[in-house]
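Below you'll find the structure, written out as structure tokens, and then a few comments.
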Amino acid sequence: MISDKFKELLADYAVLLLKGGTHSQDSGTMSAGRAKVGQGGNSTSPAATDLDVDIGAGSSAYTINAIKSDDNVVEFSLRIAGSNSDLSGKVIREAGFFDAQNNMLTRLNFDGVGPVPNTSDLEIVFIVEVE
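To convert a position in the sequence shown, counted from 1, into this note's numbering, add 470.
As structure tokens, this is what we get:
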């Protein structure tokens, strides 16, 4: 069993890993993480370190966010423009979030989405509960 306070602190740290910034308990500053989307989606190993088939879009192609929606619940979100040349014409089947050292924090595979029209954005939201 872990305490409710520890769950809350872990959720705070998960937000910090993606958004970057200074932790309230530490004077050090963490760099922001990143997101990726890919065309793979069949790997389910928790030992995986990257997406199966990353589309290759650079960090600047994504808008990412992380918020706490409850004491122990974090929402990670990513957005990539349909006009991005790396996304154009592709069906997306996986997404992942990574810390600044490129450690994969979470990954989800799903039924294919796309191709995304040039005039639209692809937005993916992960809801992570610390239990």
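Just so it is clear, CB atoms sit at the ideal spot from N, CA and C, and this is done for glycine as well. It should be emphasised that the depicted structure is a prediction, and the values quoted were computed from it without experimental measurement.
- Selection Ala-531, Gly-559, Asp-540 evaluated against Arg-549 yields Ala-531 as nearest (Cα-Cα).
- In terms of Cβ geometry, Glu-564 and Asp-522 form a close pair [threshold 8 Å].
- Closest option to Phe-580, judged by alpha-carbon separation, among Asn-542, Asn-512, Lys-489: Asn-512.
- Under the three-state reduction of DSSP output, Ser-539 falls in the strand class.
- Judged by beta-carbon spacing, Ala-551 lies beyond the 8 Å limit of Ala-502, meaning their Cβ atoms are not closer than that value.
- For Asn-588, no pairing in a beta bridge is given by DSSP.
- Annotation: Ala-481 is outside any beta strand (DSSP E); the continuous alpha helix (DSSP H) that includes it extends over 474-489.
- Membership of Lys-506 in the beta strand (DSSP E) is indicated by the continuous run 504-508.
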